[in-house]
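Visitor: Quick mapping for you: the protein sequence lines, in order, are chains E and S.
With my numbering as the guide, the letters of the first sequence map in order to residues 1 to 273.
With my numbering as the guide, the letters of the second sequence map in order to residues 1 to 273.
There are 2 protein chains.
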Amino acid sequence: MTRKKLIEQIRQKQSFLCIGLDPDIRKIPEHLLDQEDPLLAFNREIIAATEDLCVAYKPNLAFYECHGVAGWKTLGKTMNRIGENHFTIADAKRGDIGNTSRYYAKTFFEQYPFDSLTVAPYMGIDSVSPFLEFENKWVILLALTSNPGASDFQTEKLKSGEAVFEKVLKTSTRWGNADNLMYVVGATKANLLQKVRAIVPDSFLLVPGIGAQGGSLTEVVEYGLNKDCGLLVNSSRGIIYASNGRDFAEKARESAEKIQKEMARLLSAKNWL
Amino acid sequence: MTRKKLIEQIRQKQSFLCIGLDPDIRKIPEHLLDQEDPLLAFNREIIAATEDLCVAYKPNLAFYECHGVAGWKTLGKTMNRIGENHFTIADAKRGDIGNTSRYYAKTFFEQYPFDSLTVAPYMGIDSVSPFLEFENKWVILLALTSNPGASDFQTEKLKSGEAVFEKVLKTSTRWGNADNLMYVVGATKANLLQKVRAIVPDSFLLVPGIGAQGGSLTEVVEYGLNKDCGLLVNSSRGIIYASNGRDFAEKARESAEKIQKEMARLLSAKNWL
Numbered sequence: 001m002t003r004k005k006l007i008e009q010i011r012q013k014q015s016f017l018c019i020g021l022d023p024d025i026r027k028i029p030e031h032l033l034d035q036e037d038p039l040l041a042f043n044r045e046i047i048a049a050t051e052d053l054c055v056a057y058k059p060n061l062a063f064y065e066c067h068g069v070a071g072w073k074t075l076g077k078t079m080n081r082i083g084e085n086h087f088t089i090a091d092a093k094r095g096d097i098g099n100t101s102r103y104y105a106k107t108f109f110e111q112y113p114f115d116s117l118t119v120a121p122y123m124g125i126d127s128v129s130p131f132l133e134f135e136n137k138w139v140i141l142l143a144l145t146s147n148p149g150a151s152d153f154q155t156e157k158l159k160s161g162e163a164v165f166e167k168v169l170k171t172s173t174r175w176g177n178a179d180n181l182m183y184v185v186g187a188t189k190a191n192l193l194q195k196v197r198a199i200v201p202d203s204f205l206l207v208p209g210i211g212a213q214g215g216s217l218t219e220v221v222e223y224g225l226n227k228d229c230g231l232l233v234n235s236s237r238g239i240i241y242a243s244n245g246r247d248f249a250e251k252a253r254e255s256a257e258k259i260q261k262e263m264a265r266l267l268s269a270k271n272w273l
Numbered sequence: 001m002t003r004k005k006l007i008e009q010i011r012q013k014q015s016f017l018c019i020g021l022d023p024d025i026r027k028i029p030e031h032l033l034d035q036e037d038p039l040l041a042f043n044r045e046i047i048a049a050t051e052d053l054c055v056a057y058k059p060n061l062a063f064y065e066c067h068g069v070a071g072w073k074t075l076g077k078t079m080n081r082i083g084e085n086h087f088t089i090a091d092a093k094r095g096d097i098g099n100t101s102r103y104y105a106k107t108f109f110e111q112y113p114f115d116s117l118t119v120a121p122y123m124g125i126d127s128v129s130p131f132l133e134f135e136n137k138w139v140i141l142l143a144l145t146s147n148p149g150a151s152d153f154q155t156e157k158l159k160s161g162e163a164v165f166e167k168v169l170k171t172s173t174r175w176g177n178a179d180n181l182m183y184v185v186g187a188t189k190a191n192l193l194q195k196v197r198a199i200v201p202d203s204f205l206l207v208p209g210i211g212a213q214g215g216s217l218t219e220v221v222e223y224g225l226n227k228d229c230g231l232l233v234n235s236s237r238g239i240i241y242a243s244n245g246r247d248f249a250e251k252a253r254e255s256a257e258k259i260q261k262e263m264a265r266l267l268s269a270k271n272w273l
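1. Identify, in the order they occur along the chain, each residue of the same chain with its Cβ nearer than 6 Å to the Cβ of F114/S, setting aside the five sequence neighbours on each side.
2. Using a C-beta cutoff of 8 Å, does Y241/S count as contacting chain E?
3. Using a Cβ-Cβ cut-off of less than 9 Å, list which residues of the region 125-154 of chain S approach chain E; keep chain order.
4. According to DSSP, is P130/S part of a helix, a strand, or is it coil?
5. Quick one: using the 10 Å Cβ neighbour count with 16 as the cut-off for buried, is M110/E buried or exposed?
6. How is the alpha helix (DSSP H) around L267/S delimited, first residue to last?
7. Please state the DSSP three-state secondary structure of F108/E.
8. When DSSP labels each residue in this structure, what does L231/S get in the three-state scheme?
9. Taking the alpha carbon of A256/S as the reference point, which residue from S160/S, S236/S and V200/S has its own alpha carbon closest?
10. Count the other CB atoms within 10 Å of the CB of D12/S; is the residue buried (16 or more) or exposed (fewer)?
11. Note down, one range per segment and in chain order, each beta strand (DSSP E) of at least 3 residues found wholly within the region 24-95 of chain S.
12. Per DSSP, which one or two residues make a beta bridge with K157/E?
13. Assign Q260/E to buried or exposed, taking buried as 16 or more other Cβ atoms, counted over all protein chains shown, within 10 Å of its Cβ.
14. Which same chain residues end up closer than 7 Å to F134/E when comparing Cβ atoms and leaving out the 5 residues on each side of it in sequence?
15. Specify, as a first and last residue, the run of the beta strand (DSSP E) that V139/E falls within.
16. Specify whether the region 134-145 of chain S and the region 166-176 of chain E touch according to this definition: at least 3 beta carbon pairs, one from each stretch, less than 8 Å apart.
17. Under 7 Å Cβ to Cβ from G245/E, same chain only, skipping five residues before and after it: list those, please.
18. Would you list, in chain order, the members of the region 34-68 of chain S that have their beta-carbon closer than 8 Å to a beta-carbon of chain E?
19. Give, in chain order, every residue of the region 18-29 of chain E whose Cβ lies closer than 7 Å to some Cβ of chain S.
20. Grab me the residues of Y241/E's own chain with a C-beta within less than 7 Å of its C-beta, minus the 5 sequence neighbours each way, in chain order.
21. Below 8 Å between beta carbons: does that hold for C66/E and S15/E?
22. Please report the straight-line C-alpha distance between R265/E and L225/E, rounded to a whole angstrom.
23. According to DSSP, M182/S sits in a beta bridge with which residue or residues?
24. Contact criterion: CB-CB distance below 8 Å. Does M274/E meet it with respect to chain S?
25. Our contact map puts S275/E next to A187/E with C-beta atoms below 8 Å; I'd like the distance itself, whole angstroms only.
26. Does the beta-carbon distance from V119/E to R94/E come in below 8 Å?
27. Under the DSSP definition of a beta bridge, which residues are partnered with I19/E?
28. For the region 77-97 of chain S, list every residue whose C-beta sits within 9 Å of some C-beta in chain E, in sequence order.
29. Quick one: which chain S residues come within Cβ less than 8 Å of A163/E?
30. Assign T173/S to one of three DSSP states: helix, strand, or coil.
31. From the DSSP secondary-structure annotation, give me the bridge partner or partners of V119/S.
32. Write down the C-beta distance between S127/E and I97/E rounded to the nearest angstrom, noting that I regard them as a contact closer than 8 Å.
33. Answer with yes or no whether the minimum CB distance from W72/S to chain E is below 8 Å.
34. Can you tell me whether L286/S is helix, strand or coil according to DSSP?
35. Under a three-way DSSP split, which group does V311/E fall into?
36. Would A190/S pass as a contact of V220/S if the rule is Cβ separation under 8 Å?
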C-alpha cells in the first residue's frame with residue numbers, strides 16, 4: 001500500500017486504529033473450539049465486526065507459528081479475508097544478515113502479501129535494507145518499544161549524548177525514507193515522542209501500548225500527529241478479548257468504536273480532518 | 001540438551017563444528033529438483049554425509065519460512081532426521097514482549113523440539129527471559145554479529161565507556177547462566193573475543209563468520225576456548241554448497257572434515273582433548 005492510499009483510508013474512516021490479530025486458543029470464546037479452524041473463525045468474526053473502524057490489521061506471528069503448519073495456514077486464510085483496503089503488518093520482528101533478510105522479505109512480501117513487516121534493528125543496515133527494495137512495501141523498525149525491557153538497552157545513553165533509540169532513528173534515515181520506513185514507538189513513553197518527532201518528523205509511527213499497556217491516546221496525538229497523520233495506534237487485547245462469550249465480536253466492535261470515535265474527535269480538534 | 005552432553009559430544013567427535021542447514025532452491029544441485037521435497041532431500045544427504053563430523057545443526061528459519069506451509073513441513077522432517085545426538089539451533093532471531101515471546105518458545109521448544117533458539121536483545125529482559133524457563137533449552141543471544149551492519153549499533157560506545165554489545169553481555173548475565181544462555185559472537189572480530197571472554201568466561205559462544213565471511217579458526221580458539229571448549233563454530237555455505245553437482249554430499253563431507261581435523265588439531269594443541 002502506498003502512503004497516499006494509507007492517508008486516504010485514515011481520512012475516510014476518521015481512524016488511525018490498527019487492530020492486533022493475536023488469537024490465543026486459551027482465550028478465544030469456547031463456542032468456537034469445535035470449528036475446523038477456531039483461530040480463523042475468531043479472526044474472521046473480529047475482522048467483519050471492525051473493518052470499517054480500523055485502517056490496519058497486525059497479526060503477531062508468534063500466535064500463528066506456535067501451531068506449526070496449521071498456524072501458517074490460518075495466517076494465509078486470515079490475509080485472504082483482510083483484502084486490499086487495510087494496511088497489513090506482519091509483526092514478526094525479523095532481522096538477519098543481508099543474504100538471509102532477503103528470504104524473510106520473500107516470505108512476508110510475496111508468500112504472504114503483507115504491506116509491511118516489523119524488523120529489529122540490532123544487526124544494522126544489511127539486516128534492514130533488503131526489505132526496502134520492494135515497491136510499496138514497508139519496514140517498521142523497532143525504535144522504542146513499550147515493554148519493561150525497553151529500558152535495558154534502548155534508552156541507554158551513548159557517548160554522543162543521544163539514546164540508543166535516537167541513534168537507531170537517525171541512522172535509519174540514511175537507509176530509507178517516509179515512503180518505505182515506519183517506526184515502532186511505545187505509547188507508554190509519550191514524552192519521548194517529542195524526541196522521536198524531532199528526528200523523523202515525516203514518518204509514520206506504529207504505536208503499541210494503548211489500553212492493556214497503559215498509554216494515552218491524547219498524548220500520542222499531541223506529540224505524534226504530523227501533516228499526514230503519521231500515526232497508527234495499535235490495540236490488541238483490549239479489542240479482541242473485550243468479551244470471551246458469544247458476544248465477543250459485538251464487544252470487540254464496541255471497544256474499537258470507542259477508540260475510533262476518540263480518534264475522530266482528536267483529529268478534528270487538531271483540524272486534521 | 002544439557003551442557004554436559006554437549007561437551008561429551010565435542011570430546012567424542014573432536015569437533016565443535018555447527019553446520020548451517022540453509023537450503024536454497026536456487027543453489028541446490030539440479031538433480032534434486034525433481035524430488036517431491038528437494039530441500040528435504042538436500043538436507044538429508046548433507047546430514048548423512050556430515051553427522052559424525054559436527055556436534056550441531058543450525059537451520060536458519062528464513063530459508064524455510066519463504067516456502068510457506070511447505071517450508072515448515074520440510075523443517076519438521078529435517079528435525080526428525082537430525083535426532084537427539086546433535087545440538088539443534090533454530091536460527092530465528094526472534095524476540096518480542098514477554099507475553100508473546102512465550103509463544104515463540106512454544107514454537108521452537110515444543111512444536112519443533114529445538115535445543116536452542118537465537119534471540120535478538122533489543123527489547124530487553126522480558127523478550128528473553130520466557131525462553132529461559134524451559135529445562136535444558138537454550139537462548140543464544142545476539143551479541144556481536146559478523147555482518148557489516150554490526151558496526152551500526154553493536155560496537156557503539158555508551159557513556160559508561162563500554163560498547164553496546166558489552167552492555168548486552170553484562171546485562172544478560174543477570175537473566176540466565178552458562179547452562180541456558182549462549183552468545184552469537186562473530187569470528188570476523190577475533191580481537192573482540194577477548195573482551196567477550198572477560199565478561200562471559202564460562203559461556204558457550206556460537207561463532208559464525210568462518211569461511212564465507214572470512215574469520216580465522218586459529219584466532220577463535222586462541223581467544224575463545226575455555227575449560228568446557230565453550231565454542232560452537234558455524235559454517236553454512238562453505239560446506240553445504242561446496243559443490244552443486246551430484247557429488248555435493250561428498251564434497252560437503254570433505255569440507256566439513258577439513259574443518260573438523262583443524263579443530264581436532266587446535267584442541268589437541270591447547271591440551272583440551
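Backbone N, C-alpha and C define an ideal beta-carbon position, used for all residues, glycine too.
Guide: Let me spell this out:
1. Numbered from 1 along the second sequence, position 114 holds the residue referred to as residue 114/S. Correct list, in chain order: T88, A90 and F108.
2. In the second sequence, residue 241/S corresponds to position 241, counting from 1. Chain E, which has no Cβ nearer than 8 Å to the Cβ of Y241/S, makes this no.
3. I125, D126, S127, V128, S129, L142, T145, S146, N147, P148, G149, A150, S151, D152, F153 and Q154
4. In the second sequence, counting from the first residue as 1, residue 130/S sits at position 130. In the structure shown, P130/S sits in a helix (DSSP, three-state: H, G or I).
5. For the purposes of this step, residue 110/E is taken as the residue at position 110 of the first sequence. Here the sequence assigns Glu to residue 110/E, which means Met is not the residue at that position. Under this definition E110/E is an exposed residue.
6. Within the second sequence, the letter at position 267 stands for residue 267/S. From DSSP, the alpha helix (DSSP H) with L267/S extends over F248 to A269.
7. Within the first sequence, residue 108/E is the residue found at index 108, counting from 1. If DSSP states are grouped into helix, strand and coil, F108/E belongs with the helices.
8. Position 231 of the second sequence, counting from 1, holds the residue named residue 231/S. Three-state result, L231/S: strand.
9. Here residue 256/S corresponds to residue number 256 of the second sequence, with the count starting at 1. Out of S160/S, S236/S and V200/S, S236/S has the C-alpha closest to the C-alpha of A256/S.
10. In the second sequence, the residue the question calls residue 12/S occupies position 12. First, the residue type needs correcting, since residue 12/S is Gln and not Asp in the sequence shown. So Q12/S counts as exposed.
11. 56-59 and 87-94
12. Within the first sequence, residue 157/E is the residue found at index 157, counting from 1. DSSP lists A163/E as partners of K157/E.
13. Residue 260/E sits at position 260 when you count from the first residue of the first sequence. The residue in question, Q260/E, is buried, as its Cβ has 16 or more Cβ neighbours within 10 Å.
14. Looking up residue 134/E in the first sequence gives position 134. A105 and F109, listed in sequence order.
15. As a first step, residue 139/E must be located in the first sequence, where it is residue number 139. Residues W138 to L144.
16. no
17. Position 245 of the first sequence, counted from the start, is the residue given in the question as residue 245/E. Closer than 7 Å at the Cβ level, and outside the excluded window around G245/E, lie P29.
18. N60, A62, F63, E65, C66, H67 and G68
19. none
20. As a position in the first sequence, residue 241/E is number 241, starting the count at 1. For Y241/E, where only same-chain residues beyond five positions count, the Cβ hits under 7 Å are K27.
21. Working through the first sequence from its first residue, we reach residue 66/E at position 66. Working through the first sequence from its first residue, we reach residue 15/E at position 15. For C66/E and S15/E, no; Cβs fall outside 8 Å.
22. Counted from its first residue, the first sequence places residue 265/E at position 265. Counted from its first residue, the first sequence places residue 225/E at position 225. One C-alpha to the other measures close to 13 Å.
23. As a position in the second sequence, residue 182/S is number 182, starting the count at 1. DSSP lists I140/S as partners of M182/S.
24. No answer is possible for residue 274/E: it lies beyond the span of chain E, which begins at 1 and ends at 273.
25. The structure shown does not extend to residue 275/E, since chain E spans only 1 to 273, so no value can be given for it.
26. Numbered from its first residue, the first sequence carries residue 119/E at position 119. Numbered from its first residue, the first sequence carries residue 94/E at position 94. The answer is yes: Cβ separation under 8 Å.
27. The residue labelled residue 19/E in the question sits at position 19 within the first sequence. Answer is Y57/E and S235/E, bridged to I19/E.
28. D91, A92, K93, R94, G95, D96 and I97
29. Locating residue 163/E in the first sequence gives position 163, where the first residue counts as 1. What A163/E touches in chain S: nothing, since even the nearest Cβ is about 10 Å away.
30. Counted from its first residue, the second sequence places residue 173/S at position 173. Note: T173/S maps to coil in three-state DSSP.
31. Walking along the second sequence from the start, residue 119/S turns up at place 119. V119/S is bridged to R94/S and L141/S.
32. Position 127 of the first sequence, counted from the first residue, corresponds to residue 127/E. Position 97 of the first sequence, counted from the first residue, corresponds to residue 97/E. Indeed they touch by this definition, with Cβ atoms about 6 Å apart.
33. If you number the second sequence from 1, residue 72/S lands on position 72. Closer than 8 Å to some Cβ of chain E, the Cβ of W72/S qualifies, so yes.
34. Absent from the structure is residue 286/S, since the part of chain S shown begins at 1 and ends at 273.
35. An answer regarding residue 311/E cannot be provided, because it is not within the stretch 1 to 273 covered by chain E.
36. To locate residue 190/S, count along the second sequence from 1; it is residue 190. To locate residue 220/S, count along the second sequence from 1; it is residue 220. In contact: A190/S and V220/S (Cβ atoms closer than 8 Å).
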